[in-house]
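Here is the structure we will look at.
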């Protein structure tokens, strides 16, 4: 029997979502699982929670500016602060869902490329043209991508995925659900791993 | 040369502060350090950050109610949700600072006993009488403790420590500073340990 994938919720504008994205598939694979990537719009989620972007919270915003690159250094991961931060992630998220049903592996490859473009190179992936440029490096047609970003079906899909995430309790990025058990934050991947190993405690 | 203590900021009403308090001294000791406990009033800190108690944040509050006991179980630590939560921690914090200058070891023993009374047994340590009862188990005079809680010098000390914490960037509990390097959250004690081991990365 194939066990259910673990659910990996994130916003493409979240530095900790980026860092988790570098580890989540390997982590899941160590336990015979896959990770289902679910990009969401944290700005929409925040309408439910009343939370604000970290950058707007005094002291905490300063801490995050120091901690995110420090965490990346510890991992040996590329990291730059994009000039545009935080950003709307409608375009990259829609591009991901456009690919997902047809080819999940390619959708995840696009997700990785988009994160790398944004947090590895500082490119503003909120711009549809930039998202299309990134997609083109994977052999996708730029025009096809730009058209997909305006499809009503894709717009509805992202909205529905974000609403489903809120209904599942997701309030931040990254947020991982393993067999119904929720874990919030990049620094909880150790707990995710232990939960997969032990089935809970 | 004795190396400087690591600074351990917390609020007695913080479940993650409690969990960190069970580990911080052993962790510091492994690296030839001590931990200087610094209780603060998070409610006062929140006037600067505009943050709200976790319990008041939709979704995130629910998560914390599930995660804190789960984290305690993983550690094998006693944990109950106190009927009164969160609470004002003026009384236990003042009691700590009253003892600190005269006898730091005893002050920390009181801190541990107060945390255990609150998160291990659910007793409402916001009540001066309860804080005094806990202090009495360490051989301190109840009347002496109750009087100390009303001393202007002690009131001023707690206010000054909380203000100093905000000035140092502290916005949550637990918050650890190692040689000027800040780490927020119980789940970052692994990073604290690695920083102590390596001197930074």
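Chains as they are written, first to last, in the working numbering: chain A, 1 to 201; chain B, 1001 to 1201. Virtual Cβ for every residue (Gly too), placed ideally from N, Cα, C.
As a quick exercise: from the options, pick the residue whose alpha carbon is nearest that of residue i.
i	options	result
residue 68 of chain A	A:20, A:95 and A:40	A:20
residue 101 of chain A	A:44, A:37 and A:85	A:37
residue 23 of chain A	A:11, A:77, A:48 and A:51	A:77
residue 1128 of chain B	B:1088, B:1109 and B:1026	B:1088
residue 187 of chain A	A:55, A:70 and A:33	A:70
residue 34 of chain A	A:4, A:13, A:51 and A:163	A:4
residue 1143 of chain B	B:1153, B:1132 and B:1039	B:1132
residue 198 of chain A	A:158, A:31, A:50 and A:185	A:31
residue 1043 of chain B	B:1158, B:1007 and B:1025	B:1158
residue 1009 of chain B	B:1177, B:1192, B:1193 and B:1195	B:1177
residue 1194 of chain B	B:1052, B:1027, B:1153 and B:1083	B:1027
residue 56 of chain A	A:185, A:86 and A:112	A:86
residue 1125 of chain B	B:1007, B:1013 and B:1079	B:1013
residue 1130 of chain B	B:1084, B:1152 and B:1153	B:1084
residue 99 of chain A	A:65, A:79, A:140 and A:64	A:140
residue 1061 of chain B	A:61, A:64 and A:51	A:51
residue 64 of chain A	A:196, A:192 and A:185	A:185
Quick check on residue i: buried or exposed, where buried means 16 or more other Cβ atoms within 10 Å of its Cβ?
i	result
residue 29 of chain A	exposed
residue 41 of chain A	buried
residue 1081 of chain B	exposed
residue 190 of chain A	exposed
residue 1201 of chain B	exposed
residue 1075 of chain B	exposed
residue 1156 of chain B	exposed
residue 944 of chain B	Residue 944 of chain B lies beyond the residue range present for chain B, which begins at 1001 and ends at 1201; the question has no answer from this structure.
residue 114 of chain A	buried
residue 1162 of chain B	buried
residue 123 of chain A	buried
residue 103 of chain A	exposed
residue 72 of chain A	buried
residue 1138 of chain B	exposed
Under the assumption that residue i contacts residue j (Cβ atoms under 8 Å), give the Cβ distance between them as a whole number of angstroms.
i	j	result
residue 45 of chain A	residue 166 of chain A	6 Å
residue 1048 of chain B	residue 149 of chain A	Residue 1048 of chain B to residue 149 of chain A, Cβ: 41 Å. No contact.
residue 1110 of chain B	residue 1135 of chain B	6 Å
residue 1039 of chain B	residue 1011 of chain B	7 Å
Report whether the distance from the Cβ of residue i to the nearest heavy atom of the ligand FMN is below 7 Å.
i	result
residue 1130 of chain B	The ligand FMN is not part of this structure, which contains no ligands at all.
Quiz item: Taking three-plus beta-carbon pairs below 8 Å as touching, is the segment 167–177 of chain A in contact with the segment 1169–1186 of chain B?
Solution: no
Quiz item: Just checking, does the segment 1117–1131 of chain B make contact with the segment 1012–1019 of chain B on the three C-beta pairs under 8 Å criterion?
Solution: yes
Self-check item: Cβ contact (3+ pairs, closer than 8 Å) linking the segment 1085–1095 of chain B and the segment 181–189 of chain A
Solution: Result no; under three Cβ-Cβ pairs closer than 8 Å.
Practice problem: Would you list, in chain order, the members of the segment 53–70 of chain A that have their beta-carbon closer than 8 Å to a beta-carbon of chain B? | Solution: Along the segment 53–70 of chain A, going in chain order, the ones with a CB nearer than 8 Å to a CB of chain B are 57, 58, 59, 60, 62, 63, 66, 67 and 70.
Practice problem: Name, going along the chain, the residues of the segment 152–179 of chain A whose beta-carbon falls closer than 8 Å to a beta-carbon of chain B. | Solution: 166, 169, 170, 171 and 172
Practice problem: Return the residues of the segment 1179–1196 of chain B that lie within a Cβ-Cβ distance of less than 9 Å from chain A, sorted by chain order. | Solution: The residues in question are 1181, 1182, 1183, 1184, 1185, 1187, 1188, 1190, 1191 and 1194.
Quiz item: Using Cβ-Cβ distances below 9 Å, what residues of the segment 1021–1055 of chain B are close to chain A?
Solution: Taken in chain order, the members of the segment 1021–1055 of chain B whose beta-carbon sits within less than 9 Å of a beta-carbon on chain A are 1045, 1048, 1049, 1050, 1051 and 1052.
Quiz item: the segment 1070–1093 of chain B: which residues have C-beta closer than 7 Å to a C-beta of chain A, in chain order?
Solution: 1073 and 1074
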